[in-house]
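Last residue of the sequence shown: 176 in our numbering, with the numbers rising by one and none dropped.
Down below is the structure, laid out as structure tokens.
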Amino acid sequence: MEGKPEDIESETTTSDGNRPLRFLYISTILSFVFFALTVFGFFYFWQLDQKSVENSASANDSSQTENSDYNPAKLLSLAESLSKASFVLYGSQNDEKTKKQLDVFGQARESLDFVECEASLSISGAGECAARGVKNYPIWVSGENFFFGVKTAEELEKLLNSSRNANKYTL
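Below is the structure:
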């Protein structure tokens, strides 16, 4: 038996012409599921984006602090040479980039001229940092020259050598 068109319409509408509550429940559930999947999708892709940012940052960080040709003795020699040439590192031990810069030297960091710029620490040289105009860390200062950011041992050695060469020709 085939249903009459009136029977089909009577299943989808009530006597007052409105759809039954069952349709309302189903559409509400489907809307909720769609909303939940949308939120989950945004969260999932946000997490993927965060992981890719972290991975690229860690790749940059590892290349920044990598000292492939530097053994501890060579790092100590570099740190002592930087100090003798009046290179001073300004930073804060609470700052991640300053920590990375200090980690480049490992144990040889003790031989660096380091000025702590964090005023809340007991060993603070915040006054010296303010006098030099240091606001961002880490920063290497040699005379009137400022070198911003985390430097590899190779970069610091080049800065040191160029500083020595510049001083040869200064009267």
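Cβ coordinates follow ideal geometry from the N, Cα and C atoms, glycine included.
Just so we're clear, the structure is a prediction, and the values are computed from it rather than from any experiment.
Worksheet item: What residue does the beta strand (DSSP E) around residue 94 start on, and which one ends it?
Response: On the sequence shown, residue 94 is found 89 positions in, with the first residue counted as 1. First-last of the beta strand (DSSP E) with residue 94: 92-96.
Worksheet item: If you compare alpha carbons, which of 32, 169, 25, 119 is closest to residue 98?
Response: Locating residue 98 in the sequence shown gives position 93, counting from the first residue. Across the set 32, 169, 25, 119, the C-alpha of 119 shows the shortest separation from the C-alpha of residue 98.
Discussion item. Taking a contact to mean a Cβ-Cβ separation below 8 Å, would you say residue 75 touches residue 102 in this structure?
Written reply: Your numbering for residue 75 matches position 70 in the sequence shown. Your numbering for residue 102 matches position 97 in the sequence shown. The answer is no: Cβ separation not under 8 Å.
Item to complete: Within the same chain, show all residues whose beta-carbon is closer than 8 Å to that of residue 169, passing over the 5 residues directly before and after it, in chain order.
Response: Working through the sequence shown from its first residue, we reach residue 169 at position 164. Only 90 meet the Cβ criterion.
Fill in: Beta-ladder partner(s) of residue 170, from DSSP
On the sequence shown, residue 170 is found 165 positions in, with the first residue counted as 1. Looking at the DSSP assignment, residue 170 forms no beta bridge with any residue, so it has no partner.
Discussion item. Quick check on the burial criterion: 16 or more other C-beta atoms within 10 angstroms. Buried or exposed for residue 46?
Written reply: Taking the first residue of the sequence shown as position 1, residue 46 is located at position 41. So residue 46 counts as exposed.
Item to complete: Put residue 123 into one of helix, strand or coil per three-state DSSP.
Response: Counted from its first residue, the sequence shown places residue 123 at position 118. Under the three-state reduction of DSSP, residue 123 is assigned to coil, being neither helix nor strand.
Practice prompt. Give the straight-line distance between the Cα atoms of residue 32 and residue 41, rounded to the nearest whole angstrom.
Written response: Numbered from its first residue, the sequence shown carries residue 32 at position 27. Numbered from its first residue, the sequence shown carries residue 41 at position 36. Using only the alpha carbons, I get a separation of about 14 Å.
Fill in: Three-state secondary structure assigned by DSSP to residue 146
To locate residue 146, count along the sequence shown from 1; it is residue 141. Correct three-state label for residue 146: strand.
Worksheet entry | Coarse secondary structure for residue 118, derived from DSSP in three states | On the sequence shown, residue 118 is found 113 positions in, with the first residue counted as 1. For residue 118, the secondary structure class from DSSP, reduced to helix, strand or coil, is strand.
Practice prompt. Pull up the distance between the alpha-carbon of residue 132 and that of residue 126, whole angstroms please.
Written response: Walking along the sequence shown from the start, residue 132 turns up at place 127. Walking along the sequence shown from the start, residue 126 turns up at place 121. Distance between the alpha carbons of residue 132 and residue 126: 12 Å.
Discussion item. With the cut-off set at 8 Å, would you say residue 146 and residue 109 are in Cβ contact?
Written reply: Residue 146 sits at position 141 when you count from the first residue of the sequence shown. Residue 109 sits at position 104 when you count from the first residue of the sequence shown. Between residue 146 and residue 109, the gap from beta carbon to beta carbon reaches 8 Å or more.
Worksheet item: Can you round the beta-carbon distance between residue 83 and residue 135 to whole angstroms, since I take them to be within the 8 Å contact cut?
Response: In the sequence shown, the residue the question calls residue 83 occupies position 78. In the sequence shown, the residue the question calls residue 135 occupies position 130. In fact, because the Cβ distance is near 28 Å, the residues do not count as touching under 8 Å.
Discussion item. I'd like to check one pair, residue 121 with residue 111: are the Cβ atoms closer than 8 Å?
Written reply: Walking along the sequence shown from the start, residue 111 turns up at place 106. Walking along the sequence shown from the start, residue 121 turns up at place 116. The answer is no: Cβ separation not under 8 Å.
Worksheet item: Under 8 Å, do residue 116 and residue 85 count as touching if we go by C-beta distance?
Response: What you label residue 116 is simply residue 111 of the sequence shown in a count that begins at 1. What you label residue 85 is simply residue 80 of the sequence shown in a count that begins at 1. Yes. Within cutoff.
Worksheet item: How many Å lie between residue 155 and residue 30 at the Cα?
Response: Within the sequence shown, residue 155 is the residue found at index 150, counting from 1. Within the sequence shown, residue 30 is the residue found at index 25, counting from 1. Cα to Cα, residue 155 sits roughly 59 Å from residue 30.
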